[in-house]
Ligand SMILES: [Zn+2]
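Numbering (my numbering), first residue to last: 12 to 425.
This is the structure in structure tokens:
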């Protein structure tokens with residue numbers, strides 16, 4: 012069997028060699044682009060975002076973060092714009108009508124998931140005194156003002172050379188909560204999108220199709236920044252303006268790819284032990300669970316789509332393309348595909364365009380069961396994470412860069 016395959020392969024190889032002109036490029040452009048992602052640069056971008064504390068929406072530190080992000084994107088050669096909207100009251104998060112989960116293994120989680128196994132505590136910290144660092148308490152002091160006021164998303168666009176009228180959207184949210192630095196949620200996703208904008212906007216990189224890099228505001232209040240984008244721009248898709256100019260302010264959406272919490276996959280919570288090695292009990296005498304301290308060796312990038320969305324079929328296909336890109340180009344961590352995408356900025360898009368999210372864990376089943384103890388907590392700090400954590404985020408960046416470079420037709424022109 013091996014011999015037959017060997018002969019066949021030789022035959023294919025020589026036919027292929029004859030068909031390729033002598034001048035053809037032999038380097039894989041995707042491998043070259045992915046090779047430009049560096050752990051040090053990814054960490055530096057996350058660190059840059061943490062100078063604005065938890066970046067709570069409606070505050071000066073949130074607006075300062077948007078200015079800083081925009082300045083970086085411009086410096087990469089990626090032309091920026093802003094999308095403005097008014098924000099008043101947070102509507103309900105998530106999407107009503109998504110089937111409730113809950114199977115034989117545990118109670119229902121969000122997005123149609125089942126919460127298997129041991130669970131840790133979850134919640135949002137609203138108590139400044141739980142932040143022991145006085146500098147951060149001061150930095151995060153201003154709270155969102157009451158009433159209606161202006162909010163902004165910031166984005167930049169790389170226009171396609173063959174199909175400027177078609178576009179992939181790559182997103183993450185830059186707002187955060189919890190009185191920390193929102194380093195993981197979602198500095199890790201925001202930095203990923205910024206790094207991809209940097210690499211794909213560099214001189215000598217061309218794509219057939221347009222790519223837009225969007226940093227959303229107001230994710231934490233109910234996906235309001237992304238929802239405003241869909242409301243304002245859904246019906247502008249594919250319209251050339253001015254007519255005959257070859258310019259498309261809103262190219263037709265081909266896919267929406269969101270990045271939200273990219274670094275921490277330490278596994279299922281285990282019993283918390285005291286100094287004597289005895290299980291810690293809560294006020295009700297029940298054992299307390301917490302995730303292990305170290306990134307687990309089996310950590311993976313979780314690619315999710317929503318099986319109850321109108322574009323589920325296309326979204327599943329997109330998710331598997333991402334898994335294939337991870338298989339080929341990621342250097343340390345594999346990817347897994349799930350079908351309960353929920354509670355992130357891809358949700359407002361999912362009935363209009365194939366939409367997926369990339370995360371450190373499944374949002375419903377795992378993050379929802381307390382697999383990340385820093386989620387919305389004062390401990391979501393740059394200093395909390397190890398290089399093994401940052402590396403998971405970098406592997407998600409490799410995955411998206413490789414997948415989008417292929418889908419959008421990236422090539423190197425020098
Ligand atoms: Zn988030």
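Glycine included, C-beta positions come from ideal geometry on N, C-alpha and C.
So, under 8 Å CB-CB, residue i and residue j are touching, yes? Tell me the CB distance rounded to an integer number of Å.
i           : j           : result
residue 275 : residue 385 : 7 Å
residue 90  : residue 422 : With a Cβ gap of about 20 Å, residue 90 and residue 422 do not count as contacting.
residue 127 : residue 116 : 4 Å
residue 317 : residue 272 : No, residue 317 and residue 272 are not in contact; Cβ-Cβ is about 17 Å, not under 8 Å.
residue 191 : residue 391 : 4 Å
residue 198 : residue 61  : 6 Å
residue 177 : residue 220 : 5 Å
residue 329 : residue 365 : 5 Å
residue 159 : residue 99  : 4 Å
The beta strand (DSSP E) with residue i in it runs from where to where?
i           : result
residue 366 : 366–370
residue 169 : 160–169
residue 313 : 312–315
residue 423 : 421–423
residue 409 : Here residue 409 belongs to no beta strand (DSSP E); instead the alpha helix (DSSP H) covers 398–418.
residue 72  : Element bounds for residue 72: not the beta strand (DSSP E) but the alpha helix (DSSP H), 71–86.
Cβ atoms of residue j and residue i: under 9 Å apart, would you say?
i           : j           : result
residue 298 : residue 382 : no
residue 43  : residue 409 : no
residue 87  : residue 208 : yes
residue 222 : residue 155 : no
residue 243 : residue 96  : yes
residue 399 : residue 310 : yes
residue 203 : residue 404 : yes
residue 380 : residue 348 : no
residue 415 : residue 268 : yes
residue 231 : residue 293 : no
residue 356 : residue 227 : yes
residue 420 : residue 173 : yes
residue 236 : residue 270 : no
residue 118 : residue 125 : yes
residue 351 : residue 122 : yes
Using the Cβ count rule (16 or more neighbours within 10 Å means buried), how would you classify residue i?
i           : result
residue 324 : exposed
residue 343 : exposed
residue 418 : buried
residue 102 : Low confidence applies to residue 102: its pLDDT is 45, below 50, so where it sits in the model is not reliable, and the reading given next is rough at best. Classification for residue 102: exposed.
residue 337 : buried
residue 412 : buried
residue 194 : buried
residue 137 : exposed
Going by DSSP, what residue range makes up the alpha helix (DSSP H) through residue i?
i           : result
residue 340 : 323–340
residue 61  : 50–61
residue 126 : Run containing residue 126: none; DSSP gives neither H nor E here.
residue 41  : 40–45
Please go through the segment 168–237 and give each complete beta strand (DSSP E) segment of 3 or more residues, from N-terminal end onward.
-> 174–184, 216–218, 220–227
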